[in-house]
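Q: The structure's right below; bear with me while I get my questions together.
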Amino acid sequence: MISAGEFRNGVTIELDGGIYTIIDFQHVKPGKGAAFVRTTLRNLESGSILEKTFRPSEKMPRAHIERRDLQYMYNDGQLYYFMDTESFEQLEINASDVADTMTFVKENEMVKVLEHNGRIFGIEPPMFVELAITDTEPGFKGDTAQGVLKPATVETGTQIKVPLFVNIGDTVKIDTRTGEYLGRV
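Written out as structure tokens, the structure is:
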């Protein structure tokens, strides 16, 4: 159990049958009345954001999230297949549960599988990935305008925005949390 007065960013708690991580917290001591803790929580299963206030003495169970490193093998449209590289155990996860987090992950890449009480509820891809551009408009010599972006498709099939000088076949670095282009490799 953890009391609201001990909240810190990144702590995971169980609340109303869901698993939440604390994104932001603020201890508030008004001039009149009792102190309270204002929090911003993210539901780890659905990704929704919740703002909630607690009394500092309120206690709730701490959620212990197990993160396992697994290798992404392939997807057949309905299931994503992963393998534990130590035991060679294979794991199948419904595409509807993790499809949005797998947009920048290519085959044979390592990911972290999030598990709580034996139930898998999410995937953490690597923070940065390097992917090849498979389709984009050609850039023109002399196009040097700052901050102008064009759409491009990477090898996983996801569309991102890249600068005008990026061409088909270039390998680019992408931040998987935001989907932003970071540079050519």
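The numbers in this note's numbering rise by one with no breaks, and the one at position 59 of the sequence shown is 59. We put the CB at the ideal spot given by N, CA and C, even for glycine. On a predicted model such as this, the values are computed, not experimentally measured, just so you know.
#1: Just the C-alpha distance for residue 36 and residue 64, rounded to the nearest angstrom, thanks.
#2: The alpha helix (DSSP H) with residue 98 in it runs from where to where?
#3: From residue 31 to residue 43, what distance separates their C-alpha atoms?
#4: Which residue spans inside the region 116-162 form an unbroken beta strand (DSSP E) run of at least 3?
#5: Could you tell me how far apart the beta carbons of residue 19 and residue 121 are, in whole angstroms, since I believe they sit closer than 8 Å?
#6: Would you kindly work out how many angstroms separate the C-alpha atoms of residue 102 and residue 29, rounded to a whole number?
#7: Here's the rule I'm using: 16 or more other beta-carbon atoms within 10 Å means buried, otherwise exposed. How should residue 163 be labelled?
#8: Can you tell me whether DSSP reads residue 5 as helix, strand or coil?
A: By the coordinates alone:
#1: As a first step, residue 36 is located in the sequence shown; it is residue number 36 there, counting from the start. As a first step, residue 64 is located in the sequence shown; it is residue number 64 there, counting from the start. Their Cα atoms are separated by approximately 25 Å.
#2: For the purposes of this step, residue 98 is taken as residue 98 along the sequence shown, with counting starting at 1. Segment 95-98, the alpha helix (DSSP H) holding residue 98.
#3: Taking the sequence shown and counting its residues from 1, one reaches residue 31 at position 31. Taking the sequence shown and counting its residues from 1, one reaches residue 43 at position 43. If I take the Cα positions, the gap works out to 32 Å.
#4: 119-124, 128-136, 149-154
#5: Counted from its first residue, the sequence shown places residue 19 at position 19. Counted from its first residue, the sequence shown places residue 121 at position 121. Sure, about 7 Å apart at Cβ, within 8 Å.
#6: Here residue 102 refers to the residue found at position 102 of the sequence shown. Here residue 29 refers to the residue found at position 29 of the sequence shown. Cα to Cα, the separation comes out at about 42 Å.
#7: Position 163 of the sequence shown, counted from the start, is the residue given in the question as residue 163. Answer is buried; the Cβ neighbour count reaches 16.
#8: What you label residue 5 is simply residue 5 of the sequence shown in a count that begins at 1. In the structure shown, residue 5 sits in a helix (DSSP, three-state: H, G or I).
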